Amino acid sequence: MGSCAALNEASVGQVSFFADHRQESALESTMASVVVVDEATEAKLSGVRFARLVRDNPAAGFAIALDALHPESEEPAGVHPSAVLEDGSVVHESASIGPFVYVGPKARVGARSRVMAGAYVGPGAVIGEDCVMGPRAVVMERCVLGNRVRLQPAAVIGSDGFGYVLDKLEDGTTFHRKVPQVGIVRIEDDVEIGAGACIDRATTHETIVGSGSKIDNLVQVGHNSVIGPLSILCGQVGLAGSTKLGRGVVMGGQSGAAGHLAVGDGAKAAAQAGITEDVPAGETVSGMPAISRVKWLRAVLVFKDLPALLKRVRRIEKKLGEG
Amino acid sequence: MGSCAALNEASVGQVSFFADHRQESALESTMASVVVVDEATEAKLSGVRFARLVRDNPAAGFAIALDALHPESEEPAGVHPSAVLEDGSVVHESASIGPFVYVGPKARVGARSRVMAGAYVGPGAVIGEDCVMGPRAVVMERCVLGNRVRLQPAAVIGSDGFGYVLDKLEDGTTFHRKVPQVGIVRIEDDVEIGAGACIDRATTHETIVGSGSKIDNLVQVGHNSVIGPLSILCGQVGLAGSTKLGRGVVMGGQSGAAGHLAVGDGAKAAAQAGITEDVPAGETVSGMPAISRVKWLRAVLVFKDLPALLKRVRRIEKKLGEG
Amino acid sequence: MGSCAALNEASVGQVSFFADHRQESALESTMASVVVVDEATEAKLSGVRFARLVRDNPAAGFAIALDALHPESEEPAGVHPSAVLEDGSVVHESASIGPFVYVGPKARVGARSRVMAGAYVGPGAVIGEDCVMGPRAVVMERCVLGNRVRLQPAAVIGSDGFGYVLDKLEDGTTFHRKVPQVGIVRIEDDVEIGAGACIDRATTHETIVGSGSKIDNLVQVGHNSVIGPLSILCGQVGLAGSTKLGRGVVMGGQSGAAGHLAVGDGAKAAAQAGITEDVPAGETVSGMPAISRVKWLRAVLVFKDLPALLKRVRRIEKKLGEG
Chain A
845 MGSCAALNEA SVGQVSFFAD HRQESALEST MASVVVVDEA TEAKLSGVRF ARLVRDNPAA
905 GFAIALDALH PESEEPAGVH PSAVLEDGSV VHESASIGPF VYVGPKARVG ARSRVMAGAY
965 VGPGAVIGED CVMGPRAVVM ERCVLGNRVR LQPAAVIGSD GFGYVLDKLE DGTTFHRKVP
1025 QVGIVRIEDD VEIGAGACID RATTHETIVG SGSKIDNLVQ VGHNSVIGPL SILCGQVGLA
1085 GSTKLGRGVV MGGQSGAAGH LAVGDGAKAA AQAGITEDVP AGETVSGMPA ISRVKWLRAV
1145 LVFKDLPALL KRVRRIEKKL GEG
Chain Y
845 MGSCAALNEA SVGQVSFFAD HRQESALEST MASVVVVDEA TEAKLSGVRF ARLVRDNPAA
905 GFAIALDALH PESEEPAGVH PSAVLEDGSV VHESASIGPF VYVGPKARVG ARSRVMAGAY
965 VGPGAVIGED CVMGPRAVVM ERCVLGNRVR LQPAAVIGSD GFGYVLDKLE DGTTFHRKVP
1025 QVGIVRIEDD VEIGAGACID RATTHETIVG SGSKIDNLVQ VGHNSVIGPL SILCGQVGLA
1085 GSTKLGRGVV MGGQSGAAGH LAVGDGAKAA AQAGITEDVP AGETVSGMPA ISRVKWLRAV
1145 LVFKDLPALL KRVRRIEKKL GEG
Chain S
845 MGSCAALNEA SVGQVSFFAD HRQESALEST MASVVVVDEA TEAKLSGVRF ARLVRDNPAA
905 GFAIALDALH PESEEPAGVH PSAVLEDGSV VHESASIGPF VYVGPKARVG ARSRVMAGAY
965 VGPGAVIGED CVMGPRAVVM ERCVLGNRVR LQPAAVIGSD GFGYVLDKLE DGTTFHRKVP
1025 QVGIVRIEDD VEIGAGACID RATTHETIVG SGSKIDNLVQ VGHNSVIGPL SILCGQVGLA
1085 GSTKLGRGVV MGGQSGAAGH LAVGDGAKAA AQAGITEDVP AGETVSGMPA ISRVKWLRAV
1145 LVFKDLPALL KRVRRIEKKL GEG
């Protein structure tokens, strides 16, 4: 019956929520029949048309309502007749394997996991329980997904790391010799990976995405990188090889990190920041090269008016008989 | 028979065009047999080897010639025997459904649309008339394409928006709770979406790409964004959630916009610009944070010589007995 | 038997290598049984537990050991029964064609090439010898891969270039007319293309990736671009149309080049650089707009302290009775 919508888009019979005080006028005029609010808001409301659900964290309450009122389409357990399951692969009887799915030799798919049309599970790869692999998602050879991992469409886990060594042929000609990438990617529990995002396998060991981390669309994670738990990588972020992110790191859209460096727990990079050296825990950085955000904001203010500053210096020089 | 080529690459029997006055020497030496020119050029030409087609807009004339002389390979109407069409899906008899295509329950594919090998049309999705879905393109559940929409290979329409709420388990552990993304993407008529580009579905309502807009490869459009008609998003552009672009907006390659802001009609962002606040209609912006392009160009000139400016200030200070 | 690992991750029985003098303590404590070293290191070693393999270029030696000790999983020659080979396609008897692969009319796949599950070889496309197309990789109509070319999963070769001409309908309405992209992409020998990377076909001629060049994940190469041999494009690089890169060019992660310009042999662009004009051979550039890296590094140092510089100018002005 009921369904969910934002305050300004809701119609009668729908559930909404109020968590951002810039939306006060939307709250007053909403057509929603139920609104999730916090206690402070509830106390101030009077004479409103809608029922209230009180919760400390109204946005979380709304997420729960969305889950309840918009259940995901269920796919029946079982293997579509067009799917190819190689010898020695093990698919749990409660899992759902869609059309044109490939499951390689010795690969495993756990209980209640849903592998959607055209997804690829490479030889020896492991998909845990309650996972979702969207259409055309790829998990390459021997890579491992924990439980409740969700891959959006066309995500790629375990592509080769970008590793080459400049070498010479006997005649002296130089070439880029490929360093075989024989490690894996390990995705821990409760991770989500966005559409088209690519996580490269390690050269010899493991590229790791820590439990509960969320990675947005078209993000690139280089080989041997280790992302701590509960981190957030927004759209189009790029991590070069051997980047270490701590716990709860947030990287804004299109930001990047040069490889072989560490970003401490809880650090944040603003959109388009370019991290070129270690970032201490808790620090927020901006700019390229990334520096403390506070410092960057001040520098940028002056940058915008550099022509005026230049003129002032010229005027002074003139006054002093210089230039 | 005839075919098309650039002035400097054309050989006898080919059609070319002249629209850029930097190519005057190529026009003089071209081997093309036919050149599309504008009236002003035609008036100046004498003694040339090639036939002329006069048109106000020679580049457009060339595009029409390309269309006529290089017709797209026709795929026969009908459904490839390997495709899977779920119960309740409706495919027009003039449509072409390639090998390994999946069409979900209640999905619709309109007249003359061409769904190429391995493409995915999710449950309840609607593909209009005269559309092309390239190989491995994905349209997720309930998303809607208008008419004459063209998806390049591996484009993803309707991946989940990147929405999480910080929440707590009963034991106090924090985690990112997924906000179910139950809205859709609506692509209006005459839109083209590039290879690997990702357009996220709205949380509860619609992410919209306006009619006639063109989106290049690997562009990321966040949930709830609304792109006006006739806009151009170049390669690797990123829009965070709830970005509103007006009519005829142009975003240069690798530029981005923070979410919850508006870019006015006809505004332009230069390559790599980072838009962090509303942009007025008609404005052109550059830099990160993006500012007026004129202002940015002047500031950048001074930036390059900052060390010299610093030295001048030091010299003044010395003269004044400071520093 | 033996396998390979980094010095600090190796266990008894494994092969490692030493090429970076910051890893001297790892060399002393490694558990590896064999370490590839150069002659200078060998001369200094005494009393160590491990056997040494001496080679001028230890990293290259390690790559060879990786190849020998971790052979790629062999797929048997032959065509999977689920694959679709159109009339007139030619697949060498030693090639391997995986499940759900499409090979279009008149397409060719050369000796020992391996086309993995769900890959797409368009009409008339040519895949040379000893190539690997990863799962879901796409080579569009008439595009050509040389020998020993490797496409990572979901790479797209030959998507349409982003070409439109502003045109008018008879009623005066403007629209973006698509310029048909009828050229091809030519990938020369020994090239590797990363996961999700997109190489657009030329408008009428050829987009070229030169022999031995390596392109990382999610890179975008615009139509009509020509990349010289032995170049390196790191993750998320973007080249607009008609960019010419010379021989041995290196572009750092997330850097970009505006179109219709040339980057000379051996030039380098740092991460996130934005190239807006020609770059001379051998030059290294940084920043947006990209300038000489040396100059940029100096300017950035002053940028960080712009507020202090502004204060110094204000103090001078006060002293001079201005401002």
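Residue numbers (our numbering), protein chains in the order written: chain A, 845 to 1167; chain Y, 845 to 1167; chain S, 845 to 1167.
For each residue, glycine too, the CB sits at the ideal point set by N, CA and C.
In this text, all values refer to a predicted model and were calculated from it rather than measured experimentally.
Alpha-carbon to alpha-carbon, residue j and residue i
i, j, result
"S:E1169", "S:V1070", "Past the edges of chain S, shown from 845 to 1167, lies residue 1169 of chain S, and the structure says nothing about it."
"Y:P1133", "Y:A1117", "7 Å"
"A:M845", "A:H914", "Here A:M845 scores only 43 on pLDDT, less than 50, and its place in the model should not be relied on; the value that follows carries that caveat. The alpha-carbon atoms of A:M845 and A:H914 are separated by roughly 10 Å."
"Y:V1093", "Y:L1074", "7 Å"
"S:A909", "A:S1099", "36 Å"
"Y:M960", "A:P1151", "55 Å"
"S:G857", "A:Y1008", "25 Å"
"A:S1003", "A:V1129", "30 Å"
"S:R1030", "S:G1085", "15 Å"
"S:A921", "S:V1144", "56 Å"
"Y:V1146", "A:V1081", "30 Å"
"Y:C1042", "S:H936", "36 Å"
"Y:V1157", "A:R1142", "19 Å"
"A:F1006", "A:V879", "50 Å"
"Y:M875", "Y:A895", "11 Å"
"S:R1091", "S:D1109", "5 Å"
"Y:K950", "Y:G1056", "27 Å"
"Y:E824", "S:A1106", "Outside the shown range of chain Y, which is 845 to 1167, sits residue 824 of chain Y, and nothing can be said about it."
CA nearest to the CA of residue i, picked from the options
i, options, result
"S:S957", "S:K950, S:I971 and S:T885", "S:I971"
"S:F906", "S:A850, S:H1067, S:R1045 and S:G1054", "S:A850"
"S:I1135", "S:K1148, S:A1111, S:V1157 and S:K1155", "S:A1111"
"Y:E853", "S:S1055, S:G1079, S:A1046 and S:L1083", "S:A1046"
"A:R899", "A:S890, A:A912 and A:E883", "A:E883"
"A:D1034", "A:I1119, A:S890, A:T1051 and A:I1059", "A:I1059"
"A:D931", "A:S938, A:V947, A:S940 and A:V923", "A:V947"
"Y:G942", "Y:A927, Y:T885 and Y:V934", "Y:A927"
"S:N901", "S:F862, S:L1083, S:K1088 and S:Y964", "S:F862"
"S:K1148", "A:K1155, A:W1140 and A:L1153", "A:W1140"
"Y:L1077", "Y:A1125, Y:K1088, Y:G1097 and Y:R1091", "Y:G1097"
"Y:V859", "S:S855, S:C848, S:K1163 and S:T1048", "S:T1048"
"A:R952", "A:F944, A:G962 and A:G966", "A:G966"
"S:N873", "S:V892, S:K1163 and S:M984", "The question names Asn, but residue 873 of chain S is Ser in the sequence shown. S:S873 has its Cα closest to that of S:V892, out of S:V892, S:K1163 and S:M984."
Assigned exposure category for residue i - 16 Cβ within 10 Å defines buried
i, result
"S:P925", "exposed"
"A:D1015", "exposed"
"Y:K888", "exposed"
"Y:A969", "buried"
"Y:V1138", "exposed"
"Y:K1155", "exposed"
"A:G990", "buried"
Residues that DSSP places opposite residue i in a beta bridge
i, result
"Y:K1163", "DSSP lists no partner for Y:K1163."
"A:V1129", "A:A1113 and A:S1136"
"Y:C848", "Y:V859"
"S:E1169", "Here chain S covers residues 845 to 1167 and nothing more, so residue 1169 of chain S does not appear."
"Y:D1044", "Y:S1003"
"A:M1095", "A:L1077 and A:A1113"
"Y:A895", "Y:V878"
Contact set for residue i: own chain, Cβ-Cβ below 8 Å, skip 5 residues either direction
i, result
"S:D1011", "T1018, F1019, H1020 and R1021"
"S:A1173", "In this structure chain S extends from 845 to 1167, so residue 1173 of chain S is not present and cannot be described."
"A:R866", "none"
"A:A1115", "C1078, G1096, G1097, Q1098 and S1099"
Sequence-distant residues of the same chain with beta carbon closer than 6 Å to residue i, five excluded per side
i, result
"A:G1054", "E1032, I1071, G1072 and P1073"
"S:V1065", "I1043 and L1083"
Residue-level contact to chain B via CB, residue i, 9 Å cutoff
i, result
"S:H914", "The displayed structure is made up of protein chains A, Y and S, and chain B is not among them."
Cutoff 7 Å; reference residue i; Cβ partners in own chain excluding five residues on either side
i, result
"A:T1120", "A1102, P1133 and A1134"
"S:L897", "V878, V880 and G905"
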